[in-house]
Amino acid sequence: LITSVASALLDNVTTMLLMTPMTIQIAIALGVNPLTLLIPEVLASNIGGISTLIGTPTNILIGSYAGLAFTDFLTNLTPGVLLAQIALTVYVLVRYRAQFLGGESGLSEALLNRLRESGRITQPVKLRQSGIIFGVMLIFFIVGESIHLAPAVTATIGAVAMLLWVSPDIESMLKVVDWTTLMFFISLFIVVGAIQEVGLISIIAAAISRMVGGNLTAAILVLVWSAAFLSGIIANIPFTAAMLPVVGFLTRTIPGASNQVLFYALSIGAAMGGNSSLIGASANLVAAGIAERAGYRITYKEFFKAGMPAMIITVAIGTAWLFIRF
Numbered sequence: 001l002i003t004s005v006a007s008a009l010l011d012n013v014t015t016m017l018l019m020t021p022m023t024i025q026i027a028i029a030l031g032v033n034p035l036t037l038l039i040p041e042v043l044a045s046n047i048g049g050i051s052t053l054i055g056t057p058t059n060i061l062i063g064s065y066a067g068l069a070f071t072d073f074l075t076n077l078t079p080g081v082l083l084a085q086i087a088l089t090v091y092v093l094v095r096y097r098a099q100f101l102g103g104e105s106g107l108s109e110a111l112l113n114r115l116r117e118s119g120r121i122t123q124p125v126k127l128r129q130s131g132i133i134f135g136v137m138l139i140f141f142i143v144g145e146s147i148h149l150a151p152a153v154t155a156t157i158g159a160v161a162m163l164l165w166v167s168p169d170i171e172s173m174l175k176v177v178d179w180t181t182l183m184f185f186i187s188l189f190i191v192v193g194a195i196q197e198v199g200l201i202s203i204i205a206a207a208i209s210r211m212v213g214g215n216l217t218a219a220i221l222v223l224v225w226s227a228a229f230l231s232g233i234i235a236n237i238p239f240t241a242a243m244l245p246v247v248g249f250l251t252r253t254i255p256g257a258s259n260q261v262l263f264y265a266l267s268i269g270a271a272m273g274g275n276s277s278l279i280g281a282s283a284n285l286v287a288a289g290i291a292e293r294a295g296y297r298i299t300y301k302e303f304f305k306a307g308m309p310a311m312i313i314t315v316a317i318g319t320a321w322l323f324i325r326f
């Protein structure tokens, strides 16, 4: 639940960068396999990020293309996200029940002391400065539409303020960058770009457009579920980027779609669909990279076995919410 809320405010990739190392330590102390906690956290992160414009990379793409504001995602998708999160929690408790019951009843005093020491704030002034900048950015994300301030401008101003006021050690930051995962992303996007150039994604998009015709209900169902399953194969960021013109066309031509419901359908399908495979979402790969460096490898098969049922359950709830809301 903490991961889900943090993902809505920080974005899911940043959240997993922060949560993964801590989760591994806690899992070891509890006597459970760290992946028992880590995989559900990633799933929750991808779902929680749907609530806001900045929560997932796919929402940022959708918001920029469709002109949706921070509050649009917050008011239209948050209730559905909460319902999906409840269902995910129940699913996780049932799926990992044996592992949870087999662990220790609590954290040892030795581990608590070690966590306190490793989590000690060494630069409180910089922490306060960063907190102030983040708080101001969050306010401008919320009210930005009313003062005609684009989210990208807010984020850029925040980044510049961090560099000038907080003055982080750039060299030390570059040393802890997960270059392996970064290179994987670069390679993945090259492959997907090649697929897009040869026309495969366009063929898929055109097929979806033909399937829905002028029926809004069919359009919502096809968009949500095709996005959900294809995001696990192609990866949700490039898939979303390719689908935006198609969704824009359908929004203009299908009666009743002017309320932007199809963009919300794409948001739910792409973000929740990223839970079906290890390459489906950026947060999945970030968490897997950190876990592997710590000696705990998340395999594609293991992630699929846990993520696919969760994806189907949560996408079904997300679809139902769209019909209730719109």
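If you're matching positions, the sequence shown starts at 1 in our numbering and goes up one per residue. Here a beta-carbon is modelled for each residue, glycine too, at the ideal position from N, C-alpha and C.
{"Check": "Through-space distance from GLY248 to ILE254, alpha-carbon basis", "Outcome": "10 Å"}
{"Check": "Burial state of PRO245 (16 or more Cβ within 10 Å)", "Outcome": "exposed"}
{"Check": "Element boundaries [alpha helix (DSSP H), containing THR14]", "Outcome": "12–30"}
{"Check": "Residue range of the unbroken alpha helix (DSSP H) whose run includes GLY67", "Outcome": "First-last for GLY67: undefined, no H or E at that position."}
{"Check": "Reference VAL125; option with closest CA among ALA265, PHE140, MET162 and LEU101", "Outcome": "MET162"}
{"Check": "Reference ALA281; option with closest CA among GLY55, ALA155 and ALA87", "Outcome": "GLY55"}
{"Check": "Residue environment, ASP169, which counts as buried when at least 16 other CB atoms sit within 10 Å", "Outcome": "exposed"}
{"Check": "Selected residue, minimal CA-CA separation from LEU1, among ILE24, TRP321, GLY63 and SER45", "Outcome": "SER45"}
{"Check": "Enclosing alpha helix (DSSP H) for GLY274 [first to last residue]", "Outcome": "Looking at the DSSP string, GLY274 is not in any alpha helix (DSSP H), and its letter there is neither H nor E."}
{"Check": "Secondary structure of ILE140, DSSP reduced to three states", "Outcome": "For the sequence presented, residue 140 should be read as Phe rather than Ile. PHE140: helix per DSSP, three-state reduction."}
{"Check": "Of the residues SER4, ALA69 and ILE60, the one placed nearest GLY48, counting alpha carbons only", "Outcome": "SER4"}
{"Check": "Ordered list of alpha helix (DSSP H) runs contained in the stretch 199–275, each at least 4 residues", "Outcome": "200–212, 216–234, 236–253 and 261–273"}
{"Check": "Segment limits, alpha helix (DSSP H) that includes SER282", "Outcome": "282–293"}
{"Check": "Selection from GLY295, ALA205, SER202 and PHE323 that minimises the alpha carbon distance to GLN260", "Outcome": "PHE323"}
{"Check": "First through last residue of the alpha helix (DSSP H) which encompasses GLY48", "Outcome": "34–48"}
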